[in-house]
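Numbering (UniProt numbering), first residue to last: 1 to 220. Below: the structure, in structure tokens.
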């Protein structure tokens, strides 16, 4: 009888997982149809995204991370200069000023920084950015390259912001988070003006910021 009882107990334990599998199988066509029609949305960092957009963003970040892992495994360069991709040790909580006229483009990234305890203040243009810098308390600026200024798109707005900061004697670290083509075009001048990186990779962006502030806190 004890053996029968154990058998019944085992069968009972399997019933719910099996039922869940059957239900998921029956609902799969419906789920696929909903995703295909983009009939639901997600809210991330205060911005709403279609399921398709959210999926594409996650896939992009996974592909970026996978590329970095492959580079590490093969001994390739990660940052473009053969530097170590990650600094050792934690960094203090940072106040990040993010300049982009489409802040929703960086919603996933901003949430990631906030999850790590950092503060992210998003502004849409140079005037707002300079005002925030004057107010003080900004540890690092992250900027795209082109954005709207006074109603017109300026493809060099990010560089102009960096030049204006340096012209005013503001040495706040600035990192460009932009497209690969833009990085190739402007990386040299940005480096001369003290930009700490210009990249399309969020993995590289995070690693560079961590390395910069870990080094600074060690007095390097």
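C-beta: ideal position from N, C-alpha, C; glycine also.
**Item:** Residue of 171, 198, 189 minimising C-alpha distance to residue 180
**Value:** As a working mapping, residue 180 is identified with position 180 in the chain shown. Here the closest residue by C-alpha is 198.
**Request:** Decide if the stretch 101-116 is in contact with the stretch 130-137; the criterion is three or more beta carbon pairs, one per stretch, under 8 Å apart.
**Result:** no
**Prompt:** Enumerated in chain order, which unbroken segments of the alpha helix (DSSP H) with a length of 4 residues or greater are wholly contained in the UniProt domain "Response regulatory" (96-195)?
**Reply:** 107-115, 126-135, 157-167, 180-192
**Asked** Among all the DSSP beta bridges, which residues are the ones paired with residue 197?
**Response** Taking the first residue of the chain shown as position 1, residue 197 is located at position 197. In DSSP, residue 197 forms a bridge with 175.
**Item:** Helix, strand or coil at residue 212 according to DSSP, with G and I counted as helix
**Value:** Here residue 212 refers to the residue found at position 212 when the chain shown is read from its first residue. Note: residue 212 maps to helix in three-state DSSP.
**Item:** With 16 other Cβ atoms within 10 Å as the buried cut-off, status of residue 76
**Value:** For this step, residue 76 is matched to residue 76 along the chain shown. Caution applies to residue 76, whose pLDDT of 42 falls short of 50 and renders its modelled position unreliable; the value that the coordinates give is listed next. Its Cβ having fewer than 16 others within 10 Å, residue 76 is exposed.
**Message:** For residue 163, which residues in the same chain have their Cβ closer than 7 Å to its Cβ, ignoring the five residues on either side in sequence?
**Reply:** As a position in the chain shown, residue 163 is number 163, starting the count at 1. 193, listed in sequence order.
**Item:** Cα-Cα separation, residue 103 to residue 177
**Value:** Within the chain shown, numbered from 1, the residue matching residue 103 stands at position 103. Within the chain shown, numbered from 1, the residue matching residue 177 stands at position 177. Cα-Cα distance, rounded: 12 Å.
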